[in-house]
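One point on numbering: in the working numbering, the residue at position 17 of the sequence shown is 256, and numbering is uninterrupted. Glycine residues also receive a C-beta, built at the ideal position from the N, C-alpha and C atoms. Take a look at the structure below.
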Amino acid sequence: MTTTQIDSRIKIEKPDVKRLKELSVEDWAIWTKEPSDFDWHYDDRETCYFLEGKVIVKTDRGQVEIGKGDLVTFERGLDCHWTVVEAVRKHYSFG
């Protein structure tokens, strides 16, 4: 498993099947979004697993590209801007 952190408030992992099962990702809710742009604030920590799509998330510290197969953790309090480049389908969990 590899981990990327361009902004300490966003952690991107390439999990293996074992890690996904440990987290029970398949039991998490699913969120979908068409290509779009929007600002977002995280009131709580979110962990999500991208099933489809591609996004660019910009913060005051830089930007990251996220896509299929990425397990991402967004820390509570993060302000960012999302650009959904390709329609997204992801599992997500708050807390």
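Residue 261 in three-state terms, based on DSSP
helix
Is it right to say residue 246 is buried, meaning 16 or more other beta carbons lie within 10 angstroms of its own, or is it exposed?
buried
Can you tell me which of 290, 328 and 286 puts its alpha carbon nearest to the alpha carbon of residue 249?
286
Residue 309 by DSSP, collapsed to three states: which one?
Looking at residue 309 - three-state DSSP - the assignment turns out to be coil, as it is neither helix nor strand.
How big is the Cα-Cα spacing for residue 326 and residue 303?
Going by the C-alpha atoms only, they are around 17 Å apart.
Looking at the structure shown, is residue 266 part of a helix, part of a strand, or coil, going by DSSP?
helix
Bounding residues of the beta strand (DSSP E) (the contiguous stretch that carries residue 317):
From DSSP, residue 317 is part of no beta strand (DSSP E); its letter is neither H nor E.
In terms of residue numbering, what span does the beta strand (DSSP E) encompassing residue 288 cover?
285 to 298
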